[in-house]
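Every number in the working numbering is 4 more than the matching position in the sequence shown, counting from 1.
Where a beta carbon is used, it is the ideal one built from N, C-alpha and C, also for glycine.
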Amino acid sequence: MRARRQSWGVAVLGAAMLMGGCAGASASTTVEIVARYSSFEPSSVTVAAGRPIHFVLRNEDPIDHEWIVGDEAVHAAHRNGTEPAHGERPT
Numbered sequence: 005m006r007a008r009r010q011s012w013g014v015a016v017l018g019a020a021m022l023m024g025g026c027a028g029a030s031a032s033t034t035v036e037i038v039a040r041y042s043s044f045e046p047s048s049v050t051v052a053a054g055r056p057i058h059f060v061l062r063n064e065d066p067i068d069h070e071w072i073v074g075d076e077a078v079h080a081a082h083r084n085g086t087e088p089a090h091g092e093r094p095t
């Protein structure tokens with residue numbers, strides 16, 4: 005369970021970092037991320053700074069997952085599952 009959270013956190017953190025450098029470039033990259041049995045494929049994505057990226061998320065896992073984008077404080081609040089529930093917009 006902890007490895008799943010860490011993998012998801014790494015994926016989300018990577019997405020947040022990539023999205024931060026998206027402004028200004030014209031060519032877009034599309035990356036499909038598939039969640040299946042609490043693992044994610046691809047497990048990492050590398051995109052040149054400044055290049056827009058479009059994520060397509062497909063959950064093939066028997067349980068629901070969240071896609072959280074934010075700074076390190078946002079991820080720290082969600083990383084260990086310390087919040088039993090939250091509204092539509094995590095803080």
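Straight-line CA distance for residue i to residue j?
{"i": "valine 73", "j": "alanine 80", "result": "12 Å"}
{"i": "alanine 53", "j": "aspartate 75", "result": "17 Å"}
{"i": "histidine 58", "j": "proline 46", "result": "14 Å"}
{"i": "alanine 77", "j": "glutamate 36", "result": "26 Å"}
{"i": "proline 66", "j": "alanine 31", "result": "35 Å"}
{"i": "valine 113", "j": "phenylalanine 44", "result": "Residue 113 is absent from the structure shown; the chain starts at 5 and stops at 95."}
{"i": "asparagine 84", "j": "serine 42", "result": "15 Å"}
Going by the CB atoms, is the gap between residue j and residue i shorter than 8 Å?
{"i": "arginine 40", "j": "glutamate 64", "result": "yes"}
{"i": "arginine 55", "j": "threonine 33", "result": "yes"}
Would you say residue i faces chain B, with C-beta separation under 8 Å as the test?
{"i": "valine 78", "result": "In the structure shown, chain B does not exist; there is a single protein chain."}
Where in the segment 38-71 do unbroken runs of the alpha helix (DSSP H), each at least 4 residues long, occur, reported from the N-terminal end onward?
-> none
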